[in-house]
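Engineer: One structure, as structure tokens, below. Some questions next.
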Amino acid sequence: MFGFPVQVRSGFLVLMVLIVLVNPGASGLWLALFIAVFTLLHELGHAFAARATGARAEIALDFMAGYASFTPTRELSPWERAGISFAGPAIQIAVGTLAYTLINGWQWPHAGEHLAIAVLWAGPCIGLFNLIPILPFDGGNILEQGIAAFAPRQARKIMIWLTITIVLAAIAYAMASPSRRPYIVFLVMPLLSIAQLTSGGKAAAARSTARAEAQATLSRAEALAWATGDLSRFPAGHVPSPWYRAHQQLGHGHPDVARAVLLADLASDEPVNWWPPDAAPSAALASLVGLLP
């Protein structure tokens with residue numbers, strides 16, 4: 420849609436069915452329809468804002484949420500990231516308010532006005548709710564980027580603790596009154612998101628560390644091969660670069676084989692499992708380049 424990949428996952432369809440079952444009749448059908456429409460508009464707002472910075476974006480609609488993930492093509496400033504986060508609820512609130520005004524004017528809807536109620540809740544109400552300054556809502560992401568402009572390394576940690584504090588205070592407030600206790604189930608959701616963010620962050624850090632260590636090992640092995648001819652330090656599943664293997668063949672007096680090694684690698688679609696020959700002598704690389712057609 421508009422050049423963005425859009426995935427509608429089964430959880431989103433389950434959510435629509437649940438909305439209809441919980442709100443039988445016309446009210447549930449209208450609410451499900453407009454939640455689907457405004458969720459998509461919300462994520463398109465994020466995606467267009469990301470595209471404006473040069474990033475590549477894609478959209479996924481899932482249970483209880485939509486996601487617009489994006490891959491920057493350059494380093495984005497905190498204010499650009501905050502703008503991307505704000506664009507989603509902004510378009511939802513603006514279009515929702517316009518649609519409601521066209522349907523029902525500026526008056527509050529009556530109980531039987533299912534279409535107006537659905538537009539009001541699915542548009543401006545949910546859009547404003549998404550601006551609450553806690554994670555994982557857009558308001559929390561906007562505040563995090565504001566903090567990141569002054570304390571980039573501490574922004575995520577500050578937002579996690581701020582979210583936990585606000586949510587626990589809200590749960591305590593809800594517990595004080597029986598009429599407010601049913602809302603506790605919604606208040607627990609941000610805590611579950613924080614737990615997921617924390618565990619996901621730790622796993623990502625561990626993967627990043629392991630990847631860096633593996634790359635360092637492979638880099639040292641490639642450098643040692645060029646310096647001494649020792650190939651024993653390559654980890655399992657990895658081989659010297661095709662440039663080193665071609666260098667070996669050229670040293671043994673086989674320029675045709677060396678050329679074939681290089682051309683086969685350049686034509687291959689297989690994932691790269693070797694380290695670039697950045698430790699090779701320039702003269703050795705020049706001789707290999709000279710073999711290429």
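Convert by adding 419 to the 1-based position in the sequence shown; the result is the number in this note's numbering. Backbone N, C-alpha and C define an ideal beta-carbon position, used for all residues, glycine too.
#1: Using only CA atoms, which one of Glu563, Leu669, Arg639 lies nearest to Trp694?
#2: Where does Met578 land, buried or exposed, given buried means 16+ other C-beta within 10 angstroms?
#3: Look at Pro674 and Leu710 and say whether their C-beta atoms are less than 7 Å apart.
#4: So, using beta-carbon positions, are Gly742 and Ile512 closer together than 7 Å?
#5: Over what stretch of residues does the alpha helix (DSSP H) that includes Arg664 continue unbroken?
#6: Whose CA, out of Arg572, Thr584, Leu534, Ile536, lies closest to the CA of Pro552?
#7: Check whether the Cβ of Leu669 sits closer than 6 Å to any heavy atom of the ligand FMN, and report yes or no.
#8: Would a C-beta distance cut-off of 7 Å place Leu685 and Ala677 closer than the cut-off?
#9: In the DSSP assignment, what residue or residues form a beta bridge with Ala705?
#10: Can you tell me whether Val514 is buried or exposed, with buried defined as 16 or more other CB within 10 angstroms of its CB?
#11: Can you tell me which of the three DSSP states Leu450 falls into?
#12: Taking the alpha-carbon of Thr458 as reference, which of Ala469, Ala471, Met483 has the nearest alpha-carbon?
#13: Would Ala468 and Ile478 be called neighbours here (beta carbons separated by less than 7 Å)?
#14: Are Phe423 and Ala537 close, meaning C-beta to C-beta below 7 Å?
#15: Between the C-alpha atoms of Thr490 and Trp527, what's the straight-line distance to the nearest angstrom?
#16: Which residues in the same chain have their Cβ closer than 6 Å to the Cβ of His530, if we skip the five residues on either side of it in sequence?
#17: Threshold first: 4 residues or longer. Then list the alpha helix (DSSP H) segments lying entirely within the stretch 521–545, N to C.
#18: Based on Cα-Cα distance, which residue from Ser651, Asp688, His671, Trp498 lies nearest to Thr472?
#19: Determine, using beta carbons only, whether Leu707 and Ala665 come nearer to each other than 7 Å.
#20: Leaving out five residues on either side along the sequence, give the residues of the same chain with a beta carbon under 6 Å from the beta carbon of Trp449.
#21: Have a look at Phe505 and Asp557 and give me their C-alpha separation to the nearest angstrom.
#22: In terms of residues, what are the limits of the beta strand (DSSP E) holding Ile478?
#23: Could you name the residues that DSSP lists as bridge partners for Phe489?
#24: What do you get for Ile603, buried or exposed, if any count of 16 or more other CB atoms within 10 angstroms of its CB means buried?
#25: Which same chain residues end up closer than 8 Å to Ile714 when comparing Cβ atoms and leaving out the 5 residues on each side of it in sequence?
#26: For Leu650, collect the residues of the same chain with a Cβ closer than 7 Å to its Cβ; drop the 5 residues on either side in sequence, then sort them by chain order.
#27: Thinking C-alpha only, which one of Trp662, Gly444, Gly464, Pro601 is nearest Ala698?
#28: So what does DSSP say about Val456, is it helix, strand or coil?
Structural biologist: So, to answer that:
#1: Arg639
#2: buried
#3: yes
#4: With the chain represented from 420 up to 712, any question about residue 742 goes unanswered, as that position is not in the structure.
#5: 661–670
#6: Thr584
#7: The ligand FMN is absent from the structure shown, which contains no ligands of any kind.
#8: no
#9: Ala705 is not bridged to any residue.
#10: buried
#11: helix
#12: Met483
#13: no
#14: no
#15: 41 Å
#16: It is Ala, not His, that sits at residue 530 in the sequence shown. If we look at Ala530 and ignore the five residues flanking it on each side, it has no Cβ neighbours.
#17: 533–539
#18: Trp498
#19: yes
#20: His533, Leu534, Ala537
#21: 7 Å
#22: 475–481
#23: Ala476
#24: exposed
#25: Because residue 714 is not part of the residues shown, which for the chain are 420 to 712, the question remains open.
#26: Ala644, Pro659
#27: Trp662
#28: helix
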